[in-house]
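Some notes on the structure that comes next.
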Amino acid sequence: MFQVLIIGAGVTGLSLAIELLRRGITIRIIDSAHAHFSGSRGKGIQPRSLELLNMMGIATDVLKCGTLYPHLKFHIGPLSIKGWSLGTHDAPSEARPFPNLIMLEQWRTEEILRKKVQNLGGEIELGTGIEALTQTDDQVIVTLTTGETVRAEYAVACDGGRSTTRGFLGLQLLGAAVDQKTSIVADMEVEGLDRKYWHAYPFRGAGLRSLAPLPAGGLFQLQATDDISLKGLANGVQKLTGKKVGHIAWQSRYRHQARMVERYRVGRVFIAGDAAHIHPPSGAQGLNTGLQDACNLGWKLVSALRTGNDSILKTYEAERRPVAADMLGLTAKLHTSTSKSRGDLTNQLGLNYRGSSLALGNAPGTLMPGDRMPDQFLSNGIKLFDVMQHGGATQIMRPNRDHILIRPDGYIAEFVSREVNLYYGHNVVKVDE
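Add 624 to a position in the sequence shown, counting from 1, and you land on the number used in our numbering.
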């Protein structure tokens, strides 16, 4: 019997697999798709997600493959006007080593995560879905589409917006469509289109149509309403840009939705990522919220499995569902407005778990229990974020001041006057400030 069965091998499932494998948990990760995802869909990696990827040891790989968001160029009739960038172009600081939104095709993000899973000894099983799910007081029993029966102590549904697992759990995505238009996203070659800019065409047809230069392979990501393809997608884009369209590598149609489940847990089965919440693409929040679901749940599953006390698992829904609700409200607002505001509004660095049952005690300064712990240089010249890669809780021992106890996912648990030797089943690293 495995300790955790992960259903779905997208960004959320792969991130969870890494969080569990690097802490010594036995897993099985399956996906009903017969091939790995090949599109650019969720192309924005937020600063807070980069910090969590750094804890996994793969932020450098993401930065090496990705780019900063380019400036927009608006094409209005014969005029072309340079605009703003949807991402910041800030220099790293001590507290914020990853200050900017990074553009990276979703397939490449998944490729980096998948390689890390494999390096940790994990194996992704494609073409393997689920046909039935039952559970007892101490295990989850799943029948796979291969005919095999799998037993695990816990299972996590990371199988996307059309989650099969969600149906077995009796959960529904509650909410509404943000608008009634069908949209298209596609990766394509556009010959002679300047790759320095993200090209936007605001006054041609219904809605904004844009082409963003992707980091890999000379492709652009098209985002438009589906009427651009009425006489063929290539023909519609050529009419829009005046440029010849070459290879179309991938395309998908969708409607903008803002929906979420009412519960994140049913017994020993948890739900995360798009299976739990669906966002409009505005603000690059969907993929990032799923990744952070995984990082929040991962260390708590480890604690429950190591200690035999699963009470900490109650905090997963309590902490993550309000975050998803806030993000849904934000992305819906950004989708329906013309605001260009991003930066601190969307980078998720201000996200906190103040008020959580895991945020204990009082604050001696501006940082409070539940806040993200900023990076800093320690007295030995090492960066705090590098120390936190070990996977457990971290305690900063400060002479003549309260010590800072940091959760494995990088949020402050409490300020304490004593040394804490064991916290949620993890070892503590002591560092003199």
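Idealized CB from N, CA, C, for every residue including glycine.
In the three-state scheme derived from DSSP, where H, G and I count as helix and E and B as strand, residue 722 is classed as coil.
Looking at the DSSP output, residue 882 shares a beta bridge with 800. Your pair residue 921 and residue 664 does not check out as a contact, with CB atoms roughly 26 angstroms apart and the cut at 8 angstroms.
Shown here for residue 686: same chain residues with a beta carbon closer than 8 angstroms to its own, the five before and five after excluded, namely 669, 674, 677, 726, 728, 733 and 736 in chain order. Taking 8 angstroms as the cut-off, the beta carbon of residue 749 is found closer than this to the beta carbon of residue 653.
Sorting 813, 885, 880 and 901 by C-alpha distance to the C-alpha of residue 859 places 813 at the top.
Counting along the chain, the unbroken beta strand (DSSP E) around residue 697 starts and ends at 695-700. The way I'd put it, the stretch 943-953 does touch the stretch 895-906; three or more beta-carbon pairs between them come closer than 8 angstroms.
Under the three-state reduction of DSSP, residue 837 is assigned to strand.
Here residue 743 is exposed: its Cβ has fewer than 16 other Cβ atoms, across all protein chains shown, within 10 Å. The beta carbon of residue 692 sits closer than 8 angstroms to those of 709, 711, 713, 724, 725, 726 and 727, all from its chain and outside the five residues before and after it, given in chain order. The beta carbon of residue 704 lies closer than 8 angstroms to those of 697 and 698 in the same chain, with the five residues before and after it left out. Listed in chain order, the alpha helix (DSSP H) runs fully inside the stretch 754-807 are 788-792, counting runs of at least 4 residues. Going by beta carbons, residue 781 and residue 872 fall outside the 8 angstroms limit. The beta carbon of residue 647 sits closer than 6 angstroms to the beta carbons of 926 and 1015 from its chain, once the five residues preceding and following it are set aside; these are given in chain order.
Under the rule that a run must span 4 or more residues, the alpha helix (DSSP H) segments found entirely inside the stretch 973-1048 read 1008-1011.
Excluding sequence positions up to five before and after residue 891, its CB lies within less than 6 angstroms of the CB of 759, all in the same chain and listed in chain order.
Taking residue 874 as reference, the option from 808, 720, 770 and 978 with the minimal CA-CA separation is 808.
For the stretch 672-697, the continuous alpha helix (DSSP H) assignments of 4+ residues that do not extend past its boundaries occur at 683-689, in sequence order. Of the candidates 784, 851, 645 and 822, 822 places its Cα closest to the Cα of residue 835.
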